[in-house]
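Engineer: Position 196, counted from 1, in the first sequence is what my numbering calls 323; the numbers after and before it change by one each time, with no gaps.
From the three backbone atoms N, C-alpha and C, an ideal C-beta is built for every residue, glycine too.
Computed from a predicted model, the values in this text were never measured in an experiment.
Below you will find the structure I want to go over with you.
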Amino acid sequence: MRICTWNINSVRIHVSHVERLLEEQQPDILCLQEIKVVNELFPEGLGHALGYRHQLIHGQKAYHGVAILSRLPFAQSGTRHWCGKEDARHAWVSVKGGDGKKIELHNFYVPAGGDIPDPEANEKFAHKLQFLDEMADWFAARRKKSSRFVLVGDLNVAPLENDVWSHKQLLKIVSHTPVETDALARVYGSHGWVDALRHFVLPEEKLYSWWSYRARDWEKSDRGRRLDHIWVTPALTSALASAQVLKDVRGWQRPSDHAPVIVELNL
DNA sequence: ATGGTTGAGAATCAA
């Protein structure tokens, strides 16, 4: 089973990119974040011709919004609101693996948190920290040894030193501050999660999934951050076959600033 | 220290 996650930064202007990705990568399931559109205006039939006939859209006007496109039918599905807000930042489905057992897939778009890394001075940063705390509590409360969960999405935190181009220079930059990486570590510990990308890529190696639009040459300056993640619960670690950042996609014409991340599970 | 770009949707706000 191949599962892909991608912050698409507006699904409507990147329709052809989504189709190209589905065609080239043939994921069974594609999770999108920042679709930036209400459900009614989501591009009709996106992926249908390629066999993605099951979809869960949780949209919002102009901001945020998540969606799941799938070749596999959903046994269950749902959406959830966080921090007492109406933001569309989480959608989940369960699907049957080839072994007949269900997996539960959670697609998240964690708040970016604004520019000032101080919850007192910046309510967006406070929201981000609260969101991560609620995620940790929620997954801790549902913890079971037998859980077969996959958590994907733009978590807007680069947790490891080599998840950013300069650990030292980003310690006070939102996405890599200690208070955020600590909060993400609590989510990570809440269900015994395993980081699928770092399962295959040594922590000593630089690894990014996002490069700012503001660089003159994103590839040459290579000042990236790993904001997009795929985690699995311990019951699925033995099924991990591969995981990678599809960096080439960041070089497509007028792309999203995020590259997709894909995992392959032997299920 | 600063400014650099993109998207939504109509002046800025968010990232």
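Express the C-alpha separation of alanine 239 and histidine 254 in angstroms, rounding to a whole number.
Structural biologist: Going from the Cα of histidine 254 to the Cα of alanine 239 covers about 9 angstroms.
Engineer: Serine 204 bridges to which residues according to DSSP?
Structural biologist: Serine 204 is bridged to Val220.
Engineer: Mind checking glutamine 160: buried by the 16 CB within 10 Å criterion, or exposed?
Structural biologist: So glutamine 160 counts as buried.
Engineer: State the DSSP-derived secondary structure class of lysine 295, mapped to helix, strand or coil.
Structural biologist: In this structure, lysine 295 counts as helix in the three-state DSSP scheme.
Engineer: Buried or exposed: asparagine 393, going by 16 or more other Cβ atoms within 10 Å of its Cβ?
Structural biologist: By the neighbour-count rule (16 or more Cβ atoms within 10 Å), asparagine 393 is not buried but exposed.
Engineer: Which residues does DSSP list as the beta-bridge partners of glutamate 307?
Structural biologist: DSSP lists no partner for glutamate 307.
Engineer: Which residue wins for smallest C-alpha separation from methionine 128, given the options Ala366, Val291, Val193?
Structural biologist: Taking only the C-alpha atoms, the option nearest methionine 128 is Ala366.
Engineer: Could you please give the first and the last residue of the uninterrupted alpha helix (DSSP H) stretch that includes histidine 144?
Structural biologist: Segment 142–152, the alpha helix (DSSP H) holding histidine 144.
Engineer: Counting pairs of Cβ atoms below 8 angstroms between the stretch 242–262 and the stretch 193–205, do you hit three or more?
Structural biologist: With a cut-off of 8 angstroms, the stretch 193–205 and the stretch 242–262 do not count as touching, because too few Cβ pairs lie within range.
Engineer: Of all the beta strand (DSSP E) runs that stay within the bounds of the stretch 320–385, which reach a length of 3 or more residues?
Structural biologist: Taking only runs of at least 3 residues, the beta strand (DSSP E) segments lying wholly in the stretch 320–385 are 355–359, 367–372.
Engineer: Bridge partners of lysine 272, per DSSP?
Structural biologist: For lysine 272, which the question treats as bridged, DSSP gives no partner whatsoever.
Engineer: Please classify phenylalanine 235: does DSSP put it in a helix, a strand, or coil?
Structural biologist: Residue state, collapsed to three classes: strand.
Engineer: Judging by CA-CA distance, which residue of Gly319, Ser317, Pro244, Leu287 is the nearest neighbour of threonine 308?
Structural biologist: Checked all of Gly319, Ser317, Pro244, Leu287; the closest Cα to threonine 308 is Leu287.
Engineer: By alpha-carbon positions, which one of Gly316, Ile156, Ile357, Ser273 ends up nearest to aspartate 260?
Structural biologist: The shortest C-alpha separation from aspartate 260 is found at Gly316.
Engineer: Residues in the same chain with beta-carbon distance under 6 angstroms from isoleucine 184, minus the five sequence neighbours each way, listed in chain order, please.
Structural biologist: The residues are Asn166, Phe169, Ala194.
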